[in-house]
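Note sheet for the following structure.
Numbering (the UniProt record's numbering), first residue to last: 1 to 269.
Pasting the structure below:
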């Protein structure tokens, strides 16, 4: 067991079964101690601080070169997305009791509801990718949780080029935090499918397509979020830096439900 003390916080990490206790004035906090709307607001607050730093040139350079040194802010934004997703998985799988795991699943689903309300598709998809990840999805969950996940997953159905998500994005006002991964995918499609030069001249049709894709970044940043920073929640998140690796998450998942189980999977009613 190792102990790491930072200011008034104490983190205790056990091998594989991670336990995080954050102590402020003698109180121990976990995600269930905070209101879902407050957690969603602070996730959005952190996301937006990174989102407003994104430069359109970085996105174009990334599509062309995949050079992290030339796309620093994009790299930080992507890392934040991945860290949040793995942090959510860890929060769920570190719970030994099935009822506690279901409480955490339900909590994250409630947080996603408010993230959607705040037009924060980035954190929404980071959490959804966690809840729908294989180490978590393979476990047995209450029918209500499964039904809710199906509803939330419908937003990112990849059929028809993510039509549901694109429609939701188009109907969103400012401020809004889109899923940058799809923006990069669209830019890559335009870059690969169109040459820079057409009949000896600059291909302005390609430039126009790139402009239309990137103009959403400007539109979504016309207004700001007015959420106040909550130090207790921000400290609790701790940059979403404490999480288990993919292999460790699988080991936790299989300790809950061994892979070689012969009994059929039955969803609880």
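Beta carbons are placed, not taken as given, at the ideal position from N, Cα and C, and that holds for glycine.
Remember, it's a predicted structure, so these values are computed and weren't measured experimentally.
Contacts around residue i, its chain only, beta-carbon distance under 7 Å, and the 5 residues preceding and following it disregarded
| i | result |
| --- | --- |
| residue 92 | 101, 104, 105 and 136 |
| residue 219 | 174 |
Inter-residue CB distance, residue i and residue j (contact presumed, cutoff 8 Å)
| i | j | result |
| --- | --- | --- |
| residue 210 | residue 190 | 6 Å |
| residue 169 | residue 121 | 7 Å |
Reduced DSSP category for residue i - H, G, I as helix; E, B as strand; rest coil
| i | result |
| --- | --- |
| residue 29 | strand |
| residue 37 | helix |
| residue 80 | helix |
| residue 145 | helix |
| residue 202 | strand |
| residue 197 | strand |
| residue 119 | coil |
Sequence-distant residues of its chain with Cβ nearer than 8 Å to residue i (five each side left out)
| i | result |
| --- | --- |
| residue 37 | 114 |
| residue 88 | 108, 126, 127, 130 and 131 |
| residue 227 | 41, 42, 44 and 45 |
| residue 186 | 213 |
| residue 199 | none |
| residue 83 | 239, 240, 241 and 243 |
Any chain C beta carbon closer than 7 Å to residue i
| i | result |
| --- | --- |
| residue 34 | Judged by its chain identifiers, the structure shown contains no chain C, having just a single protein chain. |
Distance, residue j Cα to residue i Cα
| i | j | result |
| --- | --- | --- |
| residue 252 | residue 77 | 28 Å |
| residue 39 | residue 260 | 37 Å |
| residue 175 | residue 244 | 32 Å |
| residue 90 | residue 50 | 23 Å |
| residue 222 | residue 208 | 21 Å |
| residue 201 | residue 192 | 18 Å |
| residue 235 | residue 205 | 47 Å |
| residue 31 | residue 240 | 12 Å |
| residue 48 | residue 177 | 7 Å |
| residue 250 | residue 195 | 44 Å |
| residue 63 | residue 98 | 43 Å |
| residue 94 | residue 86 | 12 Å |
| residue 22 | residue 232 | Here the model assigns residue 22 a pLDDT of 42, short of 50, so the residue's position is not dependable and the matter cannot be decided. |
Contacts around residue i, its chain only, beta-carbon distance under 6 Å, and the 5 residues preceding and following it disregarded
| i | result |
| --- | --- |
| residue 257 | 139 |
| residue 56 | 214 |
| residue 80 | 50 |
### Task
Determine contact between the segment 32-50 and the segment 107-117, defined as no fewer than three beta-carbon pairs at a distance below 8 Å.
A contact between stretches requires three or more CB pairs, one per stretch, nearer than 8 Å, and the segment 32-50 meets this requirement with the segment 107-117.
### Message
Pairs of beta-carbons, one from the segment 67-81 and one from the segment 137-151, closer than 8 Å: are there three or more?
### Response
no
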